[in-house]
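Here is the structure we will look at.
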Amino acid sequence: DTAVSQTPKYLVTQMGNDKSIKCEQNLGHDTMYWYKQDSKKFLKIMFSYNNKELIINETVPNRFSPKSPDKAHLNLHINSLELGDSAVYFCASSQESVDSGANVLTFGAGSRLTVL
Amino acid sequence: GQNIDQPTEMTATEGAIVQINCTYQTSGFNGLFWYQQHAGEAPTFLSYNVLDGLEEKGRFSSFLSRSKGYSYLLLKELQMKDSASYLCAVRDPTDSWGKLQFGAGTQVVVTP
Numbered sequence: 699d700t701a702v703s704q705t706p707k708y709l710v711t712q713m714g715n716d717k718s719i720k721c722e723q724n725l726g727h728d729t730m731y732w733y734k735q736d737s738k739k740f741l742k743i744m745f746s747y748n749n750k751e752l753i754i755n756e757t758v759p760n761r762f763s764p765k766s767p768d769k770a771h772l773n774l775h776i777n778s779l780e781l782g783d784s785a786v787y788f789c790a791s792s793q794e795s796v797d798s799g800a801n802v803l804t805f806g807a808g809s810r811l812t813v814l
Numbered sequence: 118g119q120n121i122d123q124p125t126e127m128t129a130t131e132g133a134i135v136q137i138n139c140t141y142q143t144s145g146f147n148g149l150f151w152y153q154q155h156a157g158e159a160p161t162f163l164s165y166n167v168l169d170g171l172e173e174k175g176r177f178s179s180f181l182s183r184s185k186g187y188s189y190l191l192l193k194e195l196q197m198k199d200s201a202s203y204l205c206a207v208r209d210p211t212d213s214w215g216k217l218q219f220g221a222g223t224q225v226v227v228t229p
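Chains A and B, in that order, give the protein sequences.
Residue 699 is where the first sequence starts when you use the numbering used here, and the numbers rise one by one after that.
Residue 118 is where the second sequence starts when you use the numbering used here, and the numbers rise one by one after that.
Written as structure tokens, this is what we have:
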């Protein structure tokens, strides 16, 4: 199936731990994203990569480090987890360019992170 | 920066029509999107408007007025499965790579 897949779907961990979320897309898209959706359901962009190059880096603590080994993969590593990091993290991809208006995002199913 | 406003929740009866409004204030504009998100699931694309006017897709229509910074999503012949959150998102080309900014979403509850 063509899709954006991310793992794990659920992650429960203790404060201070380090964890990673992986994302892969087989849609052939050039651009991938990480979005965070908090308890108020507000979806906010964190990072974006285009062809393995970081193009969007929002005001995110440097405990969050994205890595894109190739254009089909974008992983998110989080160090020293805090309670406030609890959220659903969505990976997404799109086929776009800087001049493109249409930017249809295809989202993964989300990874629910709970920090205790 | 961008400011995107939409109502928090709307309730409607099966078979009825519901209109979800979205207003935005942006330093630039290059398209407005509507996404649907069922509880616990990924957002899925519904519609895209870049020019003024109405775009119709089956039971769903989306309208845009760029001069007013206003859009609405119209859901007709509501079905129970339409109970979901509807997210308005704006692309601002003055931001790097025209990133997509989302509103907080409107939770639509369809009752029998």
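We treat Cβ as the ideally placed atom computed from N, Cα and C, and that holds for glycine.
Note that the structure is a prediction, hence the values are computed from the model and not measured.
{"Query": "Of the residues B:Q142, B:G222 and B:V226, which one's Cα is nearest the Cα of T161 (chain B)?", "Result": "B:G222"}
{"Query": "Going by C-alpha distance, which of B:V135, B:Q123 and B:E126 is nearest L195 (chain B)?", "Result": "B:V135"}
{"Query": "Grab me the residues of G170 (chain B)'s own chain with a C-beta within less than 8 Å of its C-beta, minus the 5 sequence neighbours each way, in chain order.", "Result": "F180 and L181"}
{"Query": "For C205 (chain B) and L191 (chain B), what's the separation of their Cα atoms in angstroms?", "Result": "12 Å"}
{"Query": "Relative to the C-alpha of S233 (chain B), which candidate in B:S184, B:G132, B:Q224 and B:Y187 has its C-alpha closest?", "Result": "The question about residue 233 (chain B) has no answer, for chain B in this structure spans 118 to 229."}
{"Query": "Which residues, in order along the stretch 164-188 of chain B, keep a beta-carbon less than 9 Å from a beta-carbon of chain A?", "Result": "Y165 and V167"}
{"Query": "Kindly provide the ranges of any beta strand (DSSP E) runs that are 3 or more residues long and lie completely inside the stretch 724-763 of chain A, ordered along the chain.", "Result": "729-735, 741-748 and 751-755"}
{"Query": "When you compare each of B:Y187, B:T125 and B:F177 to V226 (chain B) by their alpha carbons, which one comes out closest?", "Result": "B:T125"}
{"Query": "Listed from N- to C-terminal order along the chain, which residues in the stretch 728-741 of chain A have their beta-carbon within a distance smaller than 7 Å of any beta-carbon of chain B?", "Result": "K738, K739, F740 and L741"}
{"Query": "What do you reckon, are the CB atoms on V207 (chain B) and L168 (chain B) nearer than 8 Å?", "Result": "no"}
{"Query": "Is any heavy atom in the ligand ADP found nearer than 7 Å to the beta carbon of D199 (chain B)?", "Result": "By its list of ligands, the structure shown contains no ligand whatsoever, and the ligand ADP lies outside what it can speak to."}
{"Query": "Which residue from B:P210, B:K216 and B:Y203 puts its Cα closest to that of A790 (chain A)?", "Result": "B:K216"}
{"Query": "Using a Cβ-Cβ distance under 8 Å, would A807 (chain A) count as near chain B?", "Result": "yes"}
{"Query": "Taking just the CA atoms, how far does N777 (chain A) sit from K720 (chain A)?", "Result": "15 Å"}
{"Query": "Quick one: what's got a C-beta closer than 7 Å to G186 (chain B)'s C-beta in the same chain, skipping five residues either side?", "Result": "T140, Y141 and Q142"}
{"Query": "According to DSSP, simplified to helix, strand and coil, what is K198 (chain B)?", "Result": "helix"}
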